[in-house]
Amino acid sequence: MHEGDLEPLYRLLSDPKVMQYLEPPFSPEKTGQFLRSAGLSESPLIYAADKDGEFIGYVIFHRYDDRSDEIGWVLYPEQWGKGYASQLTEQLVSRSFSSGRDLVIECSPDQEVSRHIADKYGFEYEGVSDGLCIYRLKRDGRPNVFLMDNKHPLWNDTIQYASKSSWRAGPYLANMMRNNSFQDWERVIVAVEDGDIIGYCNFTEKDEMPDDQPYFPFIGFVYVDEEHRGHRVSEKMIEKARRYAKELGYKDIYLMSSEHGLYEKYGFEKIGEFGTVFDTTDQLFRKSTDSEKKCR
115 MHEGDLEPLY
125 RLLSDPKVMQ
135 YLEPPFSPEK
145 TGQFLRSAGL
155 SESPLIYAAD
165 KDGEFIGYVI
175 FHRYDDRSDE
185 IGWVLYPEQW
195 GKGYASQLTE
205 QLVSRSFSSG
215 RDLVIECSPD
225 QEVSRHIADK
235 YGFEYEGVSD
245 GLCIYRLKRD
255 GRPNVFLMDN
265 KHPLWNDTIQ
275 YASKSSWRAG
285 PYLANMMRNN
295 SFQDWERVIV
305 AVEDGDIIGY
315 CNFTEKDEMP
325 DDQPYFPFIG
335 FVYVDEEHRG
345 HRVSEKMIEK
355 ARRYAKELGY
365 KDIYLMSSEH
375 GLYEKYGFEK
385 IGEFGTVFDT
395 TDQLFRKSTD
405 SEKKCR
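Numbering of the sequence shown is given in my numbering, commencing with residue 115 and proceeding in unit increments.
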């Protein structure tokens with residue numbers, strides 16, 4: 115940042131809508147102090163974000179602890195909903211991962227957009243500190259789980275992976291993804307470890323349940339490659355779906371499977387045997403979206 119950013123930065127930080135979950139709106143004097151201490155210091159905490167050379171806000175990017183960087187973004191309201199927060203997050207994730215560091219997002223429990231970005235990019239909820247939710251994305255040591263729509267950078271990679279998977283349903287899901295055969299709120303969930311996709315599932319209204327049945331939404335197409343089975347990867351993907359379903363206001367999630375004794379380990383209860391759209395019969399499982407108290 116530079117001194118010329120003072121006026122647009124004040125316009126940003128004096129806006130009550132922008133500052134709703136941060137601090138009381140800044141005065142010109144406080145904005146100047148903030149610019150000098152956070153943006154113009156020898157080791158800046160914030161960096162200007164621009165579009166076609168015009169200031170649209172700033173990103174937060176600095177050391178959080180010995181192994182992590184903190185990231186965030188504060189943008190003009192007229193730039194909200196245009197995908198800039200996702201684009202900035204992707205750039206910051208790449209920058210930190212290339213340095214071998216984890217990432218952290220801190221946000222108010224009421225900041226739905228920040229929590230959605232954290233979920234979308236595989237951040238795990240860690241707890242609350244000083245009234246703020248802490249989400250961490252680890253570079254190594256465990257699979258990261260991503261909640262995707264067709265704009266996600268892993269969408270096409272997941273299509274390729276599913277189309278070549280050993281499970282016969284994989285190519286079917288890949289074709290659905292190519293055609294984007296999903297409602298706006300439906301998602302594909304993918305697990306990634308050390309840069310490689312190792313599993314997937316989806317979250318949709320009906321899956322293989324006939325439309326005349328009153329059960330929805332569903333987790334379907336749950337798949338983990340052979341090498342990574344037994345490490346609870348599917349549980350992590352299911353948990354991602356549960357949290358997203360709760361965010362959408364659903365009280366329960368459902369899953370159909372012929373497996374016995376597997377999904378009960380993940381908190382599902384079997385509620386019966388039901389016919390499917392494929393003229394077969396399968397077990398129907400249900401799980402409440404409520405769980406241990408989290409920052410939701």
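Every residue, glycine too, gets a C-beta built ideally from N, C-alpha and C. Please read these numbers as outputs of a predicted model, since none were measured by experiment.
Reduced DSSP category for residue i - H, G, I as helix; E, B as strand; rest coil
i: S371; result: strand
i: V391; result: coil
i: T318; result: strand
i: Y172; result: strand
i: M115; result: coil
i: D183; result: strand
i: D396; result: strand
i: V259; result: strand
i: F148; result: helix
i: S402; result: strand
i: V132; result: coil
i: L126; result: helix
i: L362; result: helix
i: R307; result: Here residue 307 is Glu; the residue named in the question, Arg, does not match the sequence. Strand at E307.
i: E383; result: strand
i: R253; result: coil
i: L189; result: strand
i: R346; result: coil
i: L120; result: helix
i: R177; result: strand
Beta-carbon gap between residue i and residue j smaller than 8 Å
i: F260; j: V306; result: yes
i: L376; j: I385; result: no
i: D244; j: L217; result: no
i: F175; j: I185; result: yes
i: R301; j: N289; result: no
i: I312; j: H266; result: no
i: G403; j: K365; result: As written in the sequence, residue 403 is Thr, which differs from the Gly given in the question. For T403 and K365, yes; Cβs fall inside 8 Å.
i: E220; j: I248; result: yes
i: A163; j: L127; result: no
i: S277; j: L246; result: no
i: I160; j: S200; result: no
i: E349; j: D396; result: no
i: V207; j: Y235; result: yes
i: T318; j: P328; result: no
Proximity to residue i [Cα-Cα], best of the options
i: K360; options: G309, R229 and H266; result: R229
i: Y337; options: L154, R215 and A283; result: A283
i: D180; options: G381, S213 and H342; result: S213
i: M291; options: E319, S280 and I273; result: I273
i: S210; options: Y329, G344 and Y178; result: Y178
i: D167; options: S372, S222, M115 and E340; result: Checking the displayed sequence, the identity of residue 167 turns out to be Gly instead of Asp. Taking only the C-alpha atoms, the option nearest G167 is M115.
i: S295; options: E378, Y275, W281 and K320; result: K320
i: E192; options: R125, W281 and S277; result: R125
i: F388; options: G381, I303 and R400; result: R400
i: M262; options: E240, S157 and M351; result: M351
i: R150; options: K165, P130 and E117; result: E117
Residue i, buried or exposed, once every other Cβ within 10 Å from all chains shown has been counted against 16
i: N258; result: buried
i: P324; result: exposed
i: D326; result: exposed
i: K408; result: Because the pLDDT of K408 is 44, which lies under 50, any placement of that residue in the model is unreliable, and the number read from its coordinates should be weighed accordingly. With fewer than 16 Cβ atoms within 10 Å of its Cβ, K408 is classed as exposed.
i: Y368; result: buried
i: P374; result: The sequence shown places His at residue 374, rather than the Pro named in the question. Exposed: under 16 other Cβ atoms inside 10 Å.
i: F148; result: buried
i: S141; result: exposed
i: W187; result: buried
i: G153; result: buried
i: F392; result: exposed
i: Y286; result: exposed
i: D119; result: buried
beta-carbon residue i near the ligand ATP non-hydrogen atom, thresh 7 Å
i: D321; result: Ligands in the displayed structure: none, and consequently the ligand ATP is not present.
- Query: What are the uninterrupted segments assigned as alpha helix (DSSP H) that are 4 or more residues long and contained completely in the region 197 to 247, given in chain order?
  - Reply: 198 to 212 and 226 to 234
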